[in-house]
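Everything on this sheet refers to the single structure shown next.
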Amino acid sequence: MDMLWLFALLPLGLAGAAFSGFGDDDDNTHDDASEEHSGQRLTGTSGPDLLTGGDGNDTIMGGGGNDRGVSELDSIIDGVTSLDDMTGALHDAGVFGLDGGAGDDSLNGGTGGDALIGGAGNDTLAGNVGDDLLADDSGQDTLLGGSGDDGLIALDTMAGAADLLDGGAGDDLMLGDDGDTMTGGDGEDGFGIVWSPGDAPVTITDFTRDDMVEVVVDGFDPERDSFLMDSLEGGVGLYVNDALVGTLEGTTLDDLHSNDSIFLTDSATGDQYGAEAATKAPDTPDETAPGEETTDPADPIGQHLTGTSGPDMLTGGDGNDTIMGGGGNDRGVSELDSIIDGVTSLDDMTGALHEAGVFGLDGGAGDDSLNGGVGSDALIGGAGNDTLAGNVGDDLLADDSGQDTLLGGSGDDWLIALDTVAGAADLLDGGAGDDLLFGDDGDTMTGGDGEDGFGIVWAPGDAPVTITDFTHHDMIEVMVDGFDPAQDSFLMGSLEGGGVGLYVNDALVGTLEGTTLDELHDSDAIFLTDSATGYQYGVADLAQTANGADASLAARSPDTAGHVILGTNGADALEAGNAGDTLSGFAGPDTLTGGAGDDRLSGGNGFDLLTGNDGDDTLSGEMGNDTLSGGAGQDSLSGGSGDDVLAGEAGNDTLVGWDGNDALAGGTGNDALDGSHGADTLSGGEGDDTLLGGGEADSLSGDDGNDRLSGGDGSDTLSGGTGDDTLFGNAGNDRIASNRYHQWNSDGLGSQWQLDLAIKYDDVFGLRGGEGNDSLDGGTGDDALMGEAGNDTLAGNVGNDLLFDNLGENTLLGGSGNDTLVSNDNEGGQPDLLDGGRGSDFLMGDDGDTMTGGDDGRQDTFQILWEPGDTPVTITDFAGRDRVVILYENFDHDAGSFWMERSGESDVTLMIDGEPAATLSNVDLDALDGTTAILVENSWHRAIPPSLSPDVLRGEYIVGREGWDQLWSRSMRGDTLVGLGGDDALTSHAGSDLLLGGTGEDTLTGNGGADTLEGAWGNDVLDGGDGDDLLLGGDGFDTLLGGAGNDNLSGNGWSDSLDGGAGDDTLYGKSGDDTLTDSEGRNLLVGNWGDDTLSALDDVSGAPDTLIGGDDRDVMIGDDGDVMSSGSRLNGVAVHDGADDLFIVDWNEGDAPVEIQLFSWSDGSRYAEQDEIRISVPNFDPAQDSFQMDSIEGGVGLFVNDALVARLAGCTLDTLRDCNTIVVADETSGSSYGIEVAA
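Residue numbers for the sequence shown, in mature numbering (1 follows the signal peptide of the UniProt record, and there is no 0): -23 to -1, 1 to 1216.
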């Protein structure tokens, strides 16, 4: 058995999101939680929700609003599979929690008028507060109406277990069968018992004289059959031919004597008969249908039935009937064919529910008039030329044949006039309210007052539908069966005599009266749906298709099929729904916005803005300088050609820049970033990220988490950030810039580092192990490894490497190549092992260290830092051309003594003032006689004697002390200056030098060359000077000055001041309230976290700069073609952090316009009211000058005296129309003036 015809209509209220923009804002909220084959718990919000169960054991909680739940019900209108998608406009509908599978589900309606459909399985449906509809057709189910006037239906489609129905408070209607138990609760309730021979009796636990019972059987002959009631233990029994069909508990036969509220209906004929006491003969019935005129349901004569001021049950026949509902919430019924097999008259049982409306159902061929009166009514015309008037209330009017007139009246109404066969043209008038109208084949539709939705169902050969009052607040969907965008067209064009025509290919399918093509040019409210696939397409202007038209459309259906949404060669704004849609912008500056599903967005050719939002999205910018933001979920972003900005945001994302100089920001989650071709900037963000630079000179920053960075080809800059990171330089002259890497692991094991730099020494910046027992492996190439605290192992392997460690018991292994190994324990350190390996190596140790130069016969230099009381250093393989230099600060060359003495068969001890300083093991004693290769010096500022061969490929390594030092380099090659403790002044020469400040307030000056300056701890001043420099602020309030050249400046966790100077610079504020300034070149300024100030005012006309504010409250100042954006990290245009940013545009006549990239909220708006835009203009006089905004391609333009000053990308004029935070300021007087909308 199927459900009531009422329930066959329910899919019209399901799956709907095509017109989700109607009504107030709260009715546009959809929470789609669809899932296949597994149980779910779905909970709505306090507003109206859309909740979808699957085939498993689901729990659906509606929450506080009027909610909808959906499933896979088929369309009830033949050939129009997408009508289910078009019914989201009515805000009076409730939760439809529909379980299409076999699970044991729990559906909870919450507050509001809800409809819960259990489906297969042993389900529990709870309507709670509100007038609810609960239905289940299989399993052992429990239906709990709660408070309100509820409808509970538990009619099993096959033999099923006994169900429990409890109406709760209110006037409820319950339908049960075969052993069910029904409790009405408080109020006047109606009970329907559907009985067949062999069924177990139904139990009604609380029947009173105010209630009603109808027993429905198939085939009842009063001449031979009986319907009796008789006393039984604890109540009264109802009998059909001696079979007990129902038990009424808590009442007596005397209570029910002369009661006309118990009757039987023959579902085969519709005839009704009253119940007799068992002592009476079963002759003709005592009563006809309660509350209605005495009529023969088979009477073909037309009738005029008028209800009372209360709830009425009115029945028409096969003739031309007029049903007037009167003032109550009424029901009308007729002889529709049964949709519950063998039970024609179940429709007659719906009069008990006061919350329901008139069902004027015409089963015959007459010309009927149905009038709903006051209340929410449903009128079904049937065959004939019918007139349906809903009057007051939210009504449903439907007719499928004849020349019909449907009048919605006041309220949010549905009007459906889709003829099942070729029919005459219908007239649909929604009246006042937000209405939804469906028509076809020559119909005329009028929406009336309110925001209305029009559905046109079209097939080839149909006459066009006329819409008389379409406005930009309304929406139109044209539905066709089979649309191929590769060969079919959907266009709109002006009509002779006025109005706009909608065309599929060359056929006119709809006429929009009272509007013009210009008014609809940018409308996104007209689209076409292919009913075969569910795909949706926007409409293009017929007059502009030759040169590319602007189109805007949205996929609003939440079903599981997804949609393909195609733009044009103009500026498109495409928006996905909740299903997993495909959006293609084609040429032009497009804005593509994903929905809740797994969407695919392709920008095409042009400067595009793509936002994924929820779901696992795939975004492709393709050609042009694009901005891609993934949003939540595990997204895949591909920039394509052009200089793109990619922001993964939340989730484990994959970002690929491809061609161009791209900026990639992973955001939160474990992300994979690949810059591919071009000079790219990669920022991992939070999480354990993988960064690959690709070709050319890239900048990689791991940020938080245990990251893996690989520079690829080109001269790259790598910064691991916090966490245990792994950095690979790969080919090219790379720089490794990091702080605080490995911490001690819980298992006591150190972390392993792999570097493969293949670079010149003068371009290396040291990789620092930080605290913990670290293992750093340089691999091939010229590497710089710095161990810091902990017992570390540093292995340079192949290449000319620099290994430095000053804390812990360390092992330094140079490997092959001319290496520099330095172990300089600050105070009383532990003994270290230094092994230079093959090549001409420089080893510097102290206090008990063991040093080995290698056995390849090449010249090695051993430098020993010594003071009285130190444990002697051991040199294991001094021989041939090796040199030993002992640095003793207080050595007196005149009075001091320095000599060698034998300490074994092949060992020599070097003595200073009577104390052992070093031991040379396994040496040729005769060869040492008279040597000049062993000496002592008292100079701390020269680590390598000038007499060293100049062909050694390294500069000087100069180490300060814990106090104040003034260090400078003298080499033309790359020098390393280390300040250690104290307030130091480090100055390099012409080479590409490395300057490390250490603790204290240091001043580092790079001068010429591509220098690397790191302040480390303290309030430092870093000045890069000439060359392409890398400046790293470290901890403290630092000042970074890039100077000339293309510099990279990065602050840290404090409030730093960064000035790029001349050249094309990149400035990163990191956390803290930073000040970023650059006045020359094409620069990138990124504030990141904190209340930052970014200024890129060019001293003279220069290249455009990019300013990205980041999180918190930022001030951005730009001019002459700059691009300014704000938001979370590098995404700028996708997520706003709620802070109030200030954009300042310094404008002079002749400047190129500045682009301001604002933010995208969930409702599509792109401007936060708390932000301010200030246009600074010299000598602005409001009496003669103008400041206006107007729509332009891709956004909104700000104009001073008709000159475009700024472009607000992605905004609309409606979004900004009432904004009072966009002002123009006169530079001379300081006065500010508001903006006007251009006429």
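No residue lacks a Cβ here, since even glycine has one placed at the ideal position from N, Cα and C.
These numbers were taken from a predicted model, which means no experiment stands behind them.
Looking at the unbroken beta strand (DSSP E) that takes in residue i, where does it start and where does it end?
i	result
L957	Element bounds for L957: n/a, residue is neither H nor E.
residue 1220	Residue 1220 is absent from the structure shown; the chain starts at -23 and stops at 1216.
R186	Looking at the DSSP string, R186 is not in any beta strand (DSSP E), and its letter there is neither H nor E.
I1212	Segment: none, I1212 is in no beta strand (DSSP E) and carries neither H nor E.
D1075	Element bounds for D1075: n/a, residue is neither H nor E.
G212	G212 to V217
N348	S346 to N348
E1149	E1149 to V1154
D651	A649 to D651
F1157	Note, F1157: premise wrong, no beta strand (DSSP E); not H, not E.
F197	Looking at the DSSP string, F197 is not in any beta strand (DSSP E), and its letter there is neither H nor E.
N85	S83 to N85
T545	Here T545 belongs to no beta strand (DSSP E), and DSSP marks it neither H nor E.
E914	I911 to E914
D1123	L1119 to D1123
Q249	Q249 to G251
R860	R860 to L864
F1014	It is not in any beta strand (DSSP E) - F1014 carries neither H nor E in the DSSP assignment.
Residues in the same chain with beta-carbon distance under 6 angstroms from residue i, minus the five sequence neighbours each way, listed in chain order, please.
i	result
G156	A139 and A177
T1198	E1149
S926	Note that S926 scores 25 on pLDDT, short of 50, meaning its location in the model is unreliable; the coordinates nonetheless yield the value given after this. None.
F197	D243
G837	Reading off the sequence, residue 837 comes out as Asp, not Gly. Closer than 6 angstroms at the Cβ level, and outside the excluded window around D837, lie G813, D818, G830 and D859.
G162	G144, G145 and A146
V442	G416, D420, I433 and G487
T1205	N1156
Y1045	S1027 and V1063
L820	L798, L811, G813, M828 and F839
D1203	F1157
A962	Q943 and T980
Apart from the five residues just before and just after residue i, which ones in its own chain have a Cβ nearer than 8 angstroms to its Cβ?
i	result
D1006	G983, A987, D988, T989, L990, G1019, G1020, G1022, D1024 and N1025
V1214	Q1165, M1166, D1167, L1190 and R1194
Can you tell me where the alpha helix (DSSP H) holding residue i begins and where it ends?
i	result
D232	L230 to L233
L1190	L1190 to L1193
If residue i and residue j are in contact, beta carbons under 8 angstroms, what's the gap, nearest whole angstrom?
i	j	result
L569	V516	Incorrect: roughly 18 angstroms between the Cβ atoms, too far for contact.
L1181	P1130	5 angstroms
G625	A609	With a Cβ gap of about 10 angstroms, G625 and A609 do not count as contacting.
D754	N777	About 16 angstroms separates the two Cβ atoms, so there is no contact after all.
D1033	D1015	5 angstroms
D684	G661	5 angstroms
Could you tell me which residues DSSP puts in a beta bridge with residue i?
i	result
residue 1231	With the chain running from -23 to 1216 in the structure shown, residue 1231 is simply not present.
S676	T658 and T694
V1063	Y1045 and I1085
I1133	M1101 and L1185
N1025	L1007 and T1043
D412	For D412, which the question treats as bridged, DSSP gives no partner whatsoever.
So does residue i have its beta carbon nearer than 8 angstroms to some heavy atom of the ligand COA?
i	result
G589	In terms of ligand content, the structure shown is empty, and the ligand COA therefore cannot be addressed.
Below 7 angstroms CB to CB, which residues in the same chain sit around residue i once its five sequence neighbours on both sides are set aside?
i	result
H234	A254
G370	G334, G349, V351, G352, S353, D354 and G388
Y865	W843, E844, I889, V913 and N915
G985	A967, G1002, D1003 and G1004
N1029	G1010, G1011, D1012 and K1047
G212	T224, L225, E226, G227 and T228
Along the chain, which unbroken stretches of the beta strand (DSSP E) at least 3 residues long are found entirely within the stretch 553 to 622?
With a minimum length of 3 residues, the continuous beta strand (DSSP E) runs that stay inside the stretch 553 to 622 are 559 to 561, 568 to 570, 577 to 579, 586 to 588, 595 to 597, 604 to 606 and 613 to 615.
Output the residue ranges of the beta strand (DSSP E) runs that lie fully inside the stretch 438 to 509 and measure 3 residues or longer, sorted by chain position.
Restricting attention to beta strand (DSSP E) runs no shorter than 3 residues, the stretch 438 to 509 encloses them at 442 to 444, 452 to 457, 467 to 471, 477 to 481, 484 to 489 and 503 to 507, ordered along the chain.
As an exercise, report each continuous beta strand (DSSP E) stretch of at least 3 residues that is fully enclosed by the stretch 804 to 846, in chain order.
Runs of the beta strand (DSSP E) inside the stretch 804 to 846: 810 to 812, 819 to 823, 827 to 829 and 838 to 842.
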